[in-house]
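S.K.:
Numbering (the working numbering), first residue to last: 43 to 433.
1) For the alpha helix (DSSP H) that residue 416 lies in, which residues bound it at each end?
2) Using a threshold of 8 Å, state whether the C-beta atoms of residue 276 and residue 185 are closer than that.
3) My output table needs one value for residue 81: the three-state DSSP class, helix, strand or coil.
4) Taking buried to mean at least 16 other C-beta atoms within 10 Å of its own C-beta, is residue 247 buried or exposed?
5) Using three-state DSSP, classify residue 248 as helix, strand or coil.
6) Is DSSP giving residue 108 helix, strand or coil here?
7) Taking the alpha helix (DSSP H) that residue 8 belongs to, which residues open and close that run?
8) Check whether the Cβ of residue 76 lies closer than 7 Å to any heavy atom of the ligand PLP, and answer yes or no.
9) Buried or exposed: residue 89, going by 16 or more other Cβ atoms within 10 Å of its Cβ?
10) Taking 8 Å as the threshold (C-beta atoms), are residue 316 and residue 423 in contact?
11) Under a Cβ-count criterion, where at least 16 other Cβ atoms within 10 Å of its own Cβ denotes burial, should residue 256 be classed as buried or exposed?
12) Pair every Cβ in the region 406 to 422 with every Cβ in the region 285 to 295, then say whether three or more of these pairs are closer than 8 Å.
13) Apart from the five residues just before and just after residue 343, which ones in its own chain have a Cβ nearer than 6 Å to its Cβ?
14) Among 364, 117, 96, which has the Cα closest to the Cα of residue 428?
15) When the Cα atoms are used, what is the spatial distance from residue 75 to residue 96?
16) In whole angstroms, what separates the C-alpha of residue 117 from that of residue 209?
17) I need the straight-line Cα distance from residue 324 to residue 189, nearest angstrom please.
18) Residue 134 and residue 149 look like a contact to me (Cβ under 8 Å); what is the Cβ gap, rounded to whole Å?
19) May I have the straight-line CA-CA distance separating residue 305 from residue 251, to the nearest angstrom?
20) For residue 183, which residues from the same chain have a beta carbon less than 6 Å from its beta carbon, with the 5 sequence-adjacent residues on both sides left out?
21) Using CA coordinates, which residue listed in 425, 352, 327 is at the minimum distance from residue 407?
22) Taking three-plus beta-carbon pairs below 8 Å as touching, is the region 107 to 125 in contact with the region 385 to 403?
23) Could one say the Cβ of residue 189 lies closer than 8 Å to chain C's Cβ atoms, at least one of them?
24) Measuring only the C-alpha atoms, how far is residue 70 from residue 245?
25) Can you name, in chain order, every residue of its own chain whose Cβ lies under 6 Å from the Cβ of residue 436, other than the five neighbours on each side?
26) Can you tell me the Cβ-Cβ gap for residue 139 and residue 212, rounded? I've got them flagged as a contact below 8 Å.
27) Since I believe residue 419 is in contact with residue 347 (beta carbons under 8 Å), could you give me their beta-carbon distance rounded to a whole number of angstroms?
28) Return yes when the Cβ of residue 180 is within less than 8 Å of the Cβ of residue 504, no when it is not.
29) Indicate the three-state DSSP secondary structure (helix, strand or coil) for residue 366 in the structure shown.
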């Protein structure tokens with residue numbers, strides 16, 4: 043395996059800003075949809091399952107297209123691949139302003155493909171730029187991803203009210219995507235990282251450890267995307283105003299950001315990743331049940347579920363870094379775990395739409411999510427340890 047690097051002539055500040063702006067468009071274009079779900083359903087004249095399919099589409103793309111990241115990045119380099127992916131997000135966000143369901147599906151798919159590749163590349167880039175403190179860096183990375191999601195959830199309803207159309211909440215991400223591209227284009231000489239030797243091995247799928255890593259990634263993805271797709275609607279049916287319901291989703295995502303950043307400190311406090319996994323599983327399950335309590339308890343549930351959402355994502359990133367020996371192996375396991383994991387996660391919003399349409403009750407949705415949280419906890423308990431995937 044070989045890793046070749048050329049020197050970075052751009053200032054660290056410019057690189058940091060470019061990385062930050064990239065991270066900020068990796069969740070917001072998706073989470074903005076859940077807060078204005080009723081408006082989307084009305085404008086596009088679609089059913090709940092059709093909306094569930096629309097909200098699940100980008101997550102499915104995460105799974106189906108992240109496998110392309112290793113091949114494309116080996117041919118063009120990581121940063122060039124990142125720029126192409128950002129371009130897809132920008133074009134998709136712009137095309138999503140056309141109010142037809144077919145166009146919305148196509149443009150949402152483009153956004154999903156772009157973010158799918160970014161999901162794989164960013165942990166590799168961050169490990170390369172900041173190799174000495176991986177847990178902290180991955181925590182900051184996932185924290186800003188949570189912040190991106192909270193921006194999408196919180197500002198969607200105010201922008202919808204201000205513009206009186208979906209142009210407000212959806213157009214924000216055209217601007218953000220354009221700014222992210224400009225930040226990278228403004229770096230005088232970008233760091234070129236080419237990686238060879240990262241080859242998928244079918245034997246990996248025969249290892250229980252591989253599937254544990256996949257479920258750690260997949261179940262935390264399922265819970266977050268199911269939550270951002272349906273939590274505002276759940277709170278609406280409990281009597282909350284649309285803006286307040288959107289705030290609930292924003293709280294869920296916002297508290298996940300500092301939790302992600304503090305993941306390394308939390309693991310140190312409880313002395314092991316396994317103990318952290320058990321505590322987070324219990325907190326998440328309690329929060330999900332409290333959503334249906336109504337009043338202030340629903341928002342307590344948003345906090346109790348949001349904190350572990352941030353930590354479980356950070357733990358998934360840390361786990362993939364711990365189980366590999368170099369960037370090439372990380373690229374392989376990142377694409378594999380995210381590929382299969384996001385395919386599983388993409389089923390979540392769609393299944394919940396079917397469950398709610400079937401009986402008109404949210405308890406079936408809650409029990410479905412509790413099962414996903416339990417599977418995450420069991421998988422995390424098994425996965426953390428001294429074993430490596432490629433040894």
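Backbone N, C-alpha and C fix where the C-beta goes; we use that ideal spot for every residue, glycine too.
M.R.: Based on what the coordinates show:
1) 405 to 425
2) no
3) helix
4) exposed
5) helix
6) coil
7) Since the displayed the chain opens at 43 and closes at 433, residue 8 lies outside it and no answer follows.
8) In the structure shown, the ligand PLP is absent, as is every other ligand, since no ligand is present at all.
9) exposed
10) yes
11) buried
12) no
13) 329, 332, 333
14) 364
15) 9 Å
16) 37 Å
17) 23 Å
18) 5 Å
19) 22 Å
20) 168
21) 327
22) no
23) This model lacks chain C altogether; it includes just one protein chain.
24) 36 Å
25) Within the shown structure, residues of the chain are numbered from 43 to 433, placing residue 436 beyond reach of any answer.
26) 6 Å
27) Incorrect: roughly 14 Å between the Cβ atoms, too far for contact.
28) The structure shown has nothing for residue 504, since the chain only spans 43 to 433.
29) coil
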